Amino acid sequence: MRWTRTLVTTLRDDPQEAEIASHKLMVRAGLIRKLSGGLYTFMPLGLRALQKVAQIVREEMNRAGAQEILMPALQPAELWERSGRLAAMGPGMFKLRDRAERLMALGPTHEEVVTELLGGEVSSYRQLPCTVYQIQTKFRDEIRPRFGLMRAKEFIMKDAYSFDTSLEAADASYQAMYDAYTRIFKRCGLDARAVEADTGDIGGKWSHEFMVLADSGEDGVIDCPVCGYAANQERAERKVAEANETCGAVEEIATPNVRTIDDLVAFFACPAERFIKTLVYVADGKPVVALVPGDRDLNEHKFKRLLGAKKLELADDATVQQVTGAPVGFAGPVGLAVPVYADQSLKGAAGRITGANKADTHITNVDLTRDATVAAYEDLVIVGGGDMCPRCGKPLQVKRGIEVGHVFKLGTKYTEAFDAAYLNAEGQRELMVMGCYGIGVTRTLQAVIEQCHDADGIAWPVTVAPFAVTLLLLDPKDAAVCEVVDTLERELQAQGIDVFTDDREERPGVKFKDADLIGCPIRVVVGAKGLAKGGVEIKLRTSKDVAIVPVADAAADIVARIRAMRQD
RNA sequence: CGGAGCGUAGCGCAGCCUGGUAGCGCGUUUGGUUCGGGACCAAAAGGUCGAGGGUUCAAUUCCCUCCGCUCCGACCA
């Protein structure tokens with residue numbers, strides 16, 4: 188392909204809207220253009236790279252035995268009512284009405300559609316197991332679209348769904364997808380790892396996320412360097428020792444205007460972990476209280492899961508006043524009429540300081556077991572670096588990660604809602620057991636750039652590069668140079684190699700800079716000077732070495748280099 | 001939605017505080033000199049100063065409302 192015949196406009200300056208490297212580079216290299224918040228056009232170079240990623244996904248899905256289908260993005264909302272997710276998704280789902288005023292939705296995911304579909308198609312155990320997938324545009328009315336393609340309102344997802352006769356069989360389907368994911372991210376040149384994850388709204392019991400480690404990642408990843416335990420920070424657990432403390436009688440202390448943990452630390456001259464933070468929440472309309480050590484934050488995901496609540500939010504000031512009888516800042520666990528849950532690290536805690544449920548007052552020498560009624564001691568805090576690994580007890584590390592894929596074991600949550608049953612060998616109806624598996628294809632593309640770039644631009648892995656080769660035509664008016672370029676292009680294309688030729692009337696410096704920015708793995712320079720020195724110049728994007736190769740050997744040399752890169 | 005900031009030419013920005021209707025760099029067009037790591041000279045095109053309202057003789061500038069965008073939190077591939 189020739190640059191002068193292609194819509195590729197590179198930018199010298201970083202776009203004002205972009206914050207992270209991959210987003211800046213995608214805009215600067217002319218891969219994407221923004222239409223509006225969270226909505227992007229793929230330009231020719233960006234689309235080529237996207238299609239490379241999609242093709243890798245497709246090949247590995249097929250290899251894992253999944254069948255490609257394509258479901259409608261536009262779906263009747265009634266389907267979502269049946270699964271109960273119309274409410275659960277809430278404003279996160281794009282909704283509209285057709286001319287008959289029927290409520291429709293733009294699919295944010297496809298569990299409902301696929302379960303309805305397979306429920307009708309599968310009637311016998313002989314048809315199982317069955318895994319289907321699609322690569323399709325999804326719509327989510329994100330509260331805050333961010334970082335270009337990382338969190339967009341419209342994005343391309345590969346979603347796969349497995350249907351099995353039993354939990355054991357479903358485990359095998361899950362493992363097949365897990366393995367396929369590992370291969371997909373490796374082939375994309377990504378350093379991705381699977382971590383234990385929270386299941387969120389999709390539901391189900393168990394899930395793994397595939398994380399690309401990057402400082403710009405939106406998720407915290409907890410990682411044990413000793414035993415290999417890895418989990419999303421939302422789910423990560425820790426090992427704690429029980430407190431087993433004792434103390435004297437409770438004492439009231441006047442603490443006018445001392446509300447926050449920082450205030451308390453200053454007032455009592457005592458470390459934050461000696462305080463008990465009392466948090467009032469409202470779970471599905473009912474107030475509940477969570478206790479965590481003063482130096483820790485509550486993990487709302489864990490609390491929500493423990494309560495089995497659909498909705499959990501921090502109580503407003505009026506509710507706090509009602510529950511504790513005191514203004515915000517003086518809540519404590521003693522004498523509350525609502526259920527109280529405490530972090531496991533507070534089991535046996537005594538001699539602690541907490542709110543007195545009375546304005547401008549705290550109490551000391553609190554023994555939780557003696558003075559309060561705690562419904563349960565459970566793991567409730569956000570695990571951080573330095574906490575102990577739940578498996579081996581060694582210190583954990585925190586890293587940042589980009590979630591590029593997620594695999595779930597769903598069980599029968601959806602097959603039950605849609606009565607998706609089959610007849611087993613004994614002729615009895617049984618619900619199919621499901622799994623679902625997503626890859627953010629557009630996000631994966633950006634993650635590749637986030638991981639593969641330097642100060643000069645993108646450094647594509649050969650497997651997803653929009654072109655394997657950029658050919659710089661340095662002297663477009665020199666007939667000999669043009670002929671070499673024509674021949675090389677032909678020879679490489681005959682071998683199935685994508686070549687992007689910079690045939691613009693630009694000075695060499697401009698072409699070098701743009702070639703680095705766009706970042707194709709191999710750069711070939713054809714110019715009068717080079718030819719005089721004996722041939723064309725071949726350089727890898729990731730190396731400084733330049734090889735001068737005779738024109739006659741150039742094509743073979745390039746092909747060999749690409750093969751070598753594909754091997755890695 | 002809560003908090004912070006921004007909106008001036010295709011892109012990146014200045015001007016606004018202290019009103020007198022716009023300027024710089026990049027890019028684009030034309031001509032010339034250049035030509036191996038983002039050249040130089042000359043000329044030119046390109047702007048409802050986000051939208052609406054208010055104050056004023058006069059608003060890009062001051063005030064109000066709305067819209068859009070970006071960043072920090074809850075959602076997620």
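FYI, the numbering for the first sequence is 188 to 755, going by the working numbering.
Note that CB positions come from ideal geometry on N, CA and C, so glycine has one too.
Since we're looking at a predicted model, the values are computed, not measured.
In this structure Gly495 is exposed. Its beta-carbon is surrounded by fewer than 16 other beta-carbon atoms within 10 angstroms. The straight-line gap separating the alpha-carbon atoms of Gly598 and Tyr227 is approximately 36 Å. Using a Cβ distance threshold of 8 Å, Gly622 and Phe595 count as a contacting pair. A check of alpha carbon separations from Asp385 across Ser403, Gly407, Ala401, Lys373 identifies Gly407 as the nearest. The three-state secondary structure of Leu727, taken from DSSP, is strand.
Going by beta carbons, Ala470 and Leu451 fall outside the 8 Å limit. As a beta-bridge residue in DSSP terms, Tyr468 pairs with Val475, Leu501. Per DSSP, reduced to three states, the secondary structure at Val672 is helical. For Leu283, the enclosing beta strand (DSSP E) begins and ends at 281-284.
If you ignore the 5 residues before and after Met291, its C-beta comes within less than 8 Å of the C-beta of Leu261, Gln262, Pro263, Ala264, Lys282, Leu283, Arg284, Asp285, all in its own chain and listed in chain order. When the beta-carbon positions are compared, Leu501 and Tyr468 come within less than 8 Å of each other.
Restricting attention to Asp554, Leu466, Asp685, the CA atom closest to the CA of Val746 is found in Asp685. Our two residues, Pro474 and Glu460, have alpha carbons roughly 25 Å apart in a direct line.
Under the three-state reduction of DSSP, Glu617 is assigned to strand. About 16 Å separates the Cβ atoms of Gly224 and Gln633, ruling out a contact at the 8 Å cut-off.
The shortest CA-to-CA distance from His395 to any of Gly376, Ser270, Tyr416 is the one to Tyr416. Secondary structure of His640 (DSSP, three-state): strand. With contacts defined by Cβ atoms closer than 8 Å, Gly306 and Ala741 do not form a contacting pair. Judged by DSSP secondary structure, Ala652 falls outside any alpha helix (DSSP H); it is assigned neither H nor E. Between the C-alpha atoms of Pro737 and Val723 there is a straight-line separation of about 6 Å. With a threshold of 16 other beta carbon atoms within 10 Å, Ile256 falls short and is exposed. Within its own chain, the residues whose Cβ lies closer than 8 Å to the Cβ of Gly721, once the five positions on either side in sequence are excluded, are Ile735, Pro737, listed in chain order. If you draw a straight line from the Cα of Leu583 to the Cα of Thr197, it is about 43 Å long. In the three-state scheme derived from DSSP, where H, G and I count as helix and E and B as strand, Ala456 is classed as coil. Non-local C-beta neighbours of Ala205 in its own chain, meaning closer than 7 Å and more than five positions away in sequence, comprise Lys211, Val214, Gly335, ordered along the chain. Contact between the stretch 371-380 and the stretch 563-576 is absent: fewer than 3 CB-CB pairs across the two stretches fall below 8 Å.
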